[in-house]
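Q: Residue numbering for the sequence shown follows UniProt numbering, starting at 1 and increasing by one per position.
From the three backbone atoms N, C-alpha and C, an ideal C-beta is built for every residue, glycine too.
There's a structure below that I have some questions on.
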Amino acid sequence: MDRDTDCDKPGAKFNNGLELIGLNVSNGQTMVNDRNHSRSNAENVSVVMDLVEFLINQNVLSNVTCSIITTYSEQKKSYITKMLELSEKLNIIWQDMVDVMSVDRMQGHEKDMIILDWVVDSGTKSDLGFASDNRRANVAITRARTCLIVVANGRIIDNDRLSEVKPIWRYPQRFSCIGNIY
């Protein structure tokens, strides 16, 4: 990856040895689709796609199941579009790379690695939408078998409605495992 981060450790061990990594995307901007009120964040997609390309190029994903999960259908569409572009670039069938799913669709499934994109860029109540649903948060953070990478703007943690998410973000903070994307 060619992005600068200040993360000085690969990740923190969480419940049952789960590797937990946070990517703080502080410069992303949430866009809301006027028709369906779904949200997207192009900077988060860019960061995650750089990570996915890096993982593919390093053969990290060759024997690992991996999904990108998000709380919004617009963000899912953005990921699918970018996965198709990456598929062409790398000459790999996109379905063989990484799954892209909504949190709701992921319920009942697990993968070795989960890249969880919270999409929203602020912790204000009006901006959180689905991200503040603790049931969805619980589903999202319990899908990974070995590695959970949380992509978010750290400001979302300032909202008291995110009781399920706060420990997931604060735990890697204690171990300096949140990379700030500049």
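What is the rounded straight-line gap between the Cα of Leu148 and the Cα of Leu116?
A: The sequence position of residue 148 within the sequence shown is 148, counting from 1. The sequence position of residue 116 within the sequence shown is 116, counting from 1. If I take the Cα positions, the gap works out to 7 Å.
Q: In terms of DSSP beta bridges, what is residue 261 paired with?
A: Because residue 261 is not part of the residues shown, which for the chain are 1 to 182, the question remains open.
Q: Can you tell me whether DSSP reads Arg30 as helix, strand or coil?
A: Against the sequence shown, residue 30 aligns to sequence position 30. A small correction: the amino acid at residue 30 is Thr; Arg does not occupy that position in the sequence shown. Coil, per DSSP.
Q: Entirely within the stretch 53-96 and at least 4 residues each: give me those alpha helix (DSSP H) ranges in chain order.
A: Taking only runs of at least 4 residues, the alpha helix (DSSP H) segments lying wholly in the stretch 53-96 are 73-90.
Q: Ser46 by DSSP, collapsed to three states: which one?
A: For the purposes of this step, residue 46 is taken as residue 46 along the sequence shown, with counting starting at 1. Of the three classes helix, strand and coil, the one that applies to Ser46 here is helix, per DSSP.
Q: Using 8 Å for Cβ pairs, my map puts Asp112 next to Thr81. What's the rounded Cβ distance?
A: To locate residue 112, count along the sequence shown from 1; it is residue 112. To locate residue 81, count along the sequence shown from 1; it is residue 81. Rounded, the Cβ-Cβ distance is 25 Å, inconsistent with contact.
Q: Alpha carbon to alpha carbon, how far is Asn153 from Thr124? Give it in angstroms, no decimals.
A: Numbered from 1 along the sequence shown, position 124 holds the residue referred to as residue 124. Numbered from 1 along the sequence shown, position 153 holds the residue referred to as residue 153. Summary for Thr124: the model assigns pLDDT 49, below 50, so the residue's position carries little reliability; its value from the coordinates is reported in the next sentence. So the alpha carbons of these two residues sit roughly 12 Å apart.
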